[in-house]
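Under the numbering used here, think of the first position of the sequence shown as 3, with each following residue one higher. Using N, Cα and C, we set each Cβ at its ideal position, and we do this for glycine too. Single-structure report; data block below.
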Amino acid sequence: MLPKAVMEQAQSEFINWQGNGASVMELSHRGKPFMQAAQQAEQDLRDLLAIPDDYAVLFLHGGGRGQFSAVPLNLTQAGDKVDYLVSGAWSRFAVEEAQKYVQVNEVSSCVEVDGKISLPPAAQWQLNDDAAYFHYCPNETVDGFEIADLPEGINAPIVADMSSNILSKPIDVSRYGVIYAGAQKNIGPSGLSVVIVNKALLGKRRLETPAIFDYALQIEHESMYNTPPTFAWYLAGLVFQWLKQQGGLEQMQKLNQQKSAMLYQCIDDNDFYLNNIDANYRSRMNVPFHLADKRLDESFLTQASQQGLLALKGHRSVGGMRASIYNAMPLAGVQALTEFMQDFSRRMG
Ligand SMILES: *Cc1c(COP(=O)(O)O)cnc(C)c1O
Numbered sequence: 003m004l005p006k007a008v009m010e011q012a013q014s015e016f017i018n019w020q021g022n023g024a025s026v027m028e029l030s031h032r033g034k035p036f037m038q039a040a041q042q043a044e045q046d047l048r049d050l051l052a053i054p055d056d057y058a059v060l061f062l063h064g065g066g067r068g069q070f071s072a073v074p075l076n077l078t079q080a081g082d083k084v085d086y087l088v089s090g091a092w093s094r095f096a097v098e099e100a101q102k103y104v105q106v107n108e109v110s111s112c113v114e115v116d117g118k119i120s121l122p123p124a125a126q127w128q129l130n131d132d133a134a135y136f137h138y139c140p141n142e143t144v145d146g147f148e149i150a151d152l153p154e155g156i157n158a159p160i161v162a163d164m165s166s167n168i169l170s171k172p173i174d175v176s177r178y179g180v181i182y183a184g185a186q187k188n189i190g191p192s193g194l195s196v197v198i199v200n201k202a203l204l205g206k207r208r209l210e211t212p213a214i215f216d217y218a219l220q221i222e223h224e225s226m227y228n229t230p231p232t233f234a235w236y237l238a239g240l241v242f243q244w245l246k247q248q249g250g251l252e253q254m255q256k257l258n259q260q261k262s263a264m265l266y267q268c269i270d271d272n273d274f275y276l277n278n279i280d281a282n283y284r285s286r287m288n289v290p291f292h293l294a295d296k297r298l299d300e301s302f303l304t305q306a307s308q309q310g311l312l313a314l315k316g317h318r319s320v321g322g323m324r325a326s327i328y329n330a331m332p333l334a335g336v337q338a339l340t341e342f343m344q345d346f347s348r349r350m351g
């Protein structure tokens, strides 16, 4: 979900944006009003994440998956080696895409220990000394698997797919080479991806790199080599302002901790519900759970939606339920869900 205050602001200025007599959707991306909003959005994102000056921020098309190809096409030459950690569905997809362009070494992947999904300790990972970069997905949206701390012992530049946990807590941007995120999980509407890149890493792009995915070229053109997704960019800017008003990322971290703890507590307290992720890796953003009796899945979803509890169906590859509790989800929303879950288990158990 998006913050209600942001949706209301967008609604109120939809037809006549900032007194321009037109919608932001109707204005040129090169006109002064949009350029100002675009720059403000970048500045607000820089403030929120404390992005150092030697990092560029790009607002591009192509979602998270677009970056699965843009990363190898900007950071490697054919024949280079790269390291990928596979911790779930999205990092697996990232590997499959990167394999088209470069030699991918799978460093490690998730294992089941005592019925719980976990990750072997970093000491057991097969890291390449000459990897051009190390790629991982700090929050696996489908699996509900989050790697809270940066992996240890990595010498190569670290590339992180933060599509589903960017802006959920403060991070030290300087420890990453590239951070990218499709916007539609924790930022704004779909159609936009945000890329934060250490400029020192550029200069390796290939002749065949598509211009719209060429980081250096897009930096030169301030993300406007082609027409950017203006409405999504504008709306992302409103979300950044909203985050600042909420007290920034420290505040989000607190809230996200509180929300997810409440939901996992509800799951753990009741045999009726199961979550099979090692407690060290449970996601604060996406909480998948199963009903002990799968035959009740359908009733669970129907009755939940009757109470306004929406989008709880698990990803088709995992089944069961999944509650995505991104920044914009208030504590009261999680409270309503846990109360429903307790009530449902009493009535149906
Ligand atoms: C959703 C998601 C993607 C893919 O995003 P698209 O915008 O659909 O390409 C990639 N990585 C992660 C972690 C995601 O959650």
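Residue i to residue j span [Cα, whole Å]
| i | j | result |
| --- | --- | --- |
| Val336 | Leu209 | 49 Å |
| Gln253 | Ser170 | 9 Å |
| Phe233 | Gly65 | 15 Å |
| Met350 | Val320 | 23 Å |
| Asn76 | Ile221 | 12 Å |
| Ser326 | Leu129 | 32 Å |
| Val88 | Glu142 | 10 Å |
| Pro159 | Ala96 | 17 Å |
| Ile269 | Asn22 | 50 Å |
| Val196 | Val59 | 7 Å |
| Ser301 | Ile198 | 43 Å |
| Gly68 | Gln13 | 29 Å |
| Gln101 | Ala281 | 32 Å |
| Asp145 | Cys139 | 11 Å |
| Glu224 | Ala91 | 32 Å |
| Lys187 | Gln79 | 31 Å |
| Met264 | Val104 | 43 Å |
| Gln38 | Asp299 | 48 Å |
| Met27 | Glu10 | 16 Å |
| Tyr266 | Val289 | 8 Å |
| Phe346 | Leu333 | 20 Å |
| Ala72 | Gly155 | 25 Å |
| Gln260 | Met323 | 20 Å |
| Lys118 | Phe215 | 38 Å |
| Arg318 | Glu44 | 35 Å |
| Pro191 | Gly179 | 25 Å |
| Arg32 | Cys112 | 46 Å |
| Gly316 | Asn157 | 36 Å |
| Pro74 | Asn18 | 41 Å |
| Phe36 | Arg48 | 18 Å |
| Ser285 | Ile189 | 17 Å |
| Met164 | Phe274 | 32 Å |
| Gly250 | Pro212 | 35 Å |
| Phe291 | Gln248 | 29 Å |
Cβ-Cβ separation, residue j to residue i (assumed contact under 8 Å), whole Å
| i | j | result |
| --- | --- | --- |
| Ala185 | Ala238 | 6 Å |
| Ala294 | Leu314 | Going by Cβ atoms, the distance from Ala294 to Leu314 rounds to 17 Å, so no, they are not a contact pair. |
| Leu204 | Pro231 | Incorrect: roughly 23 Å between the Cβ atoms, too far for contact. |
| Val175 | Ile279 | Actually they do not touch by this definition, with Cβ atoms about 27 Å apart. |
| Ala330 | Pro122 | 34 Å between Cβ atoms; not a contact. |
| Ala134 | Asp82 | 5 Å |
| Lys256 | Leu50 | Between Leu50 and Lys256 the Cβ distance is about 15 Å, and since that is not below 8 Å, they are no contact. |
Distance CB(residue i)-CB(residue j) smaller than 7 Å
| i | j | result |
| --- | --- | --- |
| Tyr283 | Phe136 | no |
| Glu99 | Phe70 | yes |
| Ser30 | Phe16 | no |
| Leu240 | Tyr227 | no |
| Phe242 | Asp46 | yes |
| Asn167 | Met287 | yes |
| Val109 | Asp85 | yes |
| Gln308 | Phe342 | no |
| Ala162 | Ile181 | yes |
| Leu339 | Leu311 | yes |
| Val8 | Trp244 | yes |
| Pro153 | Ala125 | no |
| Asn272 | Tyr57 | no |
Segment limits, alpha helix (DSSP H) that includes residue i
| i | result |
| --- | --- |
| Asn277 | First-last for Asn277: undefined, no H or E at that position. |
| Ile269 | Gly250 to Asp270 |
| Phe95 | Ala91 to Ala100 |
| Ala7 | Lys6 to Ser14 |
| Asp49 | Lys34 to Leu51 |
| Leu303 | Asp299 to Gln308 |
| Leu219 | Tyr217 to Glu222 |
| Asp345 | Leu333 to Met350 |
| Ser71 | Gly65 to Leu77 |
Continuous beta strand (DSSP E) stretch holding residue i: start and end
| i | result |
| --- | --- |
| Gln126 | Taken as a continuous stretch (DSSP letters only), Gln126 belongs to no beta strand (DSSP E), as it is neither H nor E. |
| Ser111 | Gln105 to Ser111 |
| Lys246 | Segment Thr232 to Gln247 is the alpha helix (DSSP H) holding Lys246; no beta strand (DSSP E) there. |
| Arg324 | Met323 to Ser326 |
| Lys83 | Lys83 to Val88 |
| Val26 | No beta strand (DSSP E) holds Val26; DSSP gives it neither H nor E. |
| Gly184 | Val180 to Gly184 |
| Tyr195 | Note on residue identity: the sequence assigns Ser, not Tyr, to residue 195. Where Ser195 is concerned, the enclosing beta strand (DSSP E) stretches over Ser195 to Asn200. |
| Leu62 | Tyr57 to Leu62 |
| Leu293 | Asn288 to Leu293 |
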